[in-house]
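Colleague:
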Amino acid sequence: MDMNFYANEGHNLHKFASYNIETISEKKYIVPDSSSNKPSSGAPLIDLEEDFTLNALVDLLNIGKSATYNEDSLEKDVLDFVNKYSTLGLMNDLPINKYFFLNEKVILKDYNYVGNNDFTTVINREEYFKMFFPKCSDKEIDKLIKDVIKIAEKPAMEKYITEDINKLLIGSNLYCEPLDMFIQYVKYMYNLLTDITNKSNDIVETYKAFEVNHISMFLNQKESISIEMPITSLKQFIDFYFARIVSQDVNLLKICKFCSKAFIANNPKAEYDTPQCKNKANVYKSRAKNK
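In the numbering used here, the protein residues as written are 32 to 322.
Here it is, written out as structure tokens:
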């Protein structure tokens, strides 16, 4: 019997028209380009196109390349990505508890991109909210937490609660993502793909940091079994499709041997992302032989 995996993300991924990188209290953030500093929620949902999945994954991996090689275009690459796709929704993904806002202490999973810690991190709820809402006062943070708790406590199906919470948090014009956390994540993903491509000896250790967090499953059985994964953030969406692609018998997600860019290969034997890279690589090989 065939098993088909797909993600159900259309009701949870919010995107503003544009974003900027802004320094707030000496820390760089990715912020929505909003004319108002008053809290408002309900950024438009992402209109998913057919090629959204692979494009978002490859584009993110190539920002990881920029971060790995300290390229001057890094911040521009980040902005190009979020303006095309959205922020990652890290606030929802990092806590172990999906409903982290119900507890005074938030427990963050291993490898959480907060303070470069490889182990679980415990942080005060208000401090955690402040991390993603740096423009809000303590009074505004307190109100936001109460509003989110109110949504969680109302009788409703879980999927509707999740949608409303995402609208209030990730869909807020005051939601900001720390730039350093974004860069840590994309750099890790690119290095993970590099290790997979090179069949690195320490690949098992590298894999330990990889986790698609808070993914539940809905099963539908006919002639095959379809497994639907509800997605609550763009990061989960990318993690899911990354895992799906690299776990296939023939992995078509590769690193170009010349320019080091990530790409989806049309041919399993392909080693270069473009004919130009292949030609340049051959020229270098030829010159090396003739020395």
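Every residue gets a Cβ at the ideal spot worked out from N, C-alpha and C, and that includes glycine.
1) Alpha carbon to alpha carbon, what distance is there between residue 199 and residue 32?
2) May I ask you to report which of helix, strand or coil DSSP gives residue 221?
3) When you compare only the Cα positions, how much space is there between residue 315 and residue 286?
4) In angstroms, rounded to a whole number, what distance separates the CA positions of residue 219 and residue 271?
5) With 16 other CB atoms within 10 Å as the buried threshold, where does residue 307 fall?
6) Between the alpha carbons of residue 105 and residue 91, how many angstroms are there, rounded?
7) Around the C-beta of residue 132, are 16 or more other C-beta atoms found within 10 angstroms, so that it is buried, or is it exposed?
8) Can you tell me the Cβ-Cβ gap for residue 179 and residue 154, rounded? I've got them flagged as a contact below 8 angstroms.
9) Taking only three categories from DSSP, how would you classify residue 136?
10) Between residue 114 and residue 102, what straight-line distance do the alpha-carbon atoms span, to the nearest angstrom?
11) The beta strand (DSSP E) spanning residue 50 covers which residue range?
12) Using CA coordinates, which residue listed in 291, 223 and 311 is at the minimum distance from residue 274?
13) Would you mind stating whether residue 77 and residue 117 have Cβ atoms separated by less than 8 angstroms?
14) Ignoring anything shorter than 4 residues or poking outside the segment 97 to 161, list the alpha helix (DSSP H) runs there in chain order.
15) Taking its Cβ as the centre, do 16 or more other Cβ atoms sit within 10 Å of residue 55, making it buried, or is it exposed?
16) Mind checking who residue 293 pairs with in its DSSP beta bridge?
17) Measuring only the C-alpha atoms, how far is residue 175 from residue 157?
18) Any idea if residue 187 is buried or exposed, counting beta-carbon neighbours within 10 angstroms, 16 or more meaning buried?
19) Per DSSP, residue 60 forms a beta bridge with which residues?
20) Count the other C-beta atoms from every protein chain shown that fall within 10 angstroms of the C-beta of residue 304, then say buried if there are 16 or more, exposed otherwise.
Modeller: Well, looking at it:
1) Residue placement at residue 32 cannot be trusted, given a pLDDT of 49 that sits under 50; what the coordinates show is reported in the next sentence. Those two C-alpha atoms are separated by around 41 angstroms.
2) helix
3) 18 angstroms
4) 15 angstroms
5) exposed
6) 11 angstroms
7) buried
8) That pair is no contact at about 16 angstroms.
9) strand
10) 20 angstroms
11) 50 to 55
12) 223
13) yes
14) 105 to 115 and 121 to 124
15) exposed
16) 286
17) 10 angstroms
18) exposed
19) 53 and 209
20) buried
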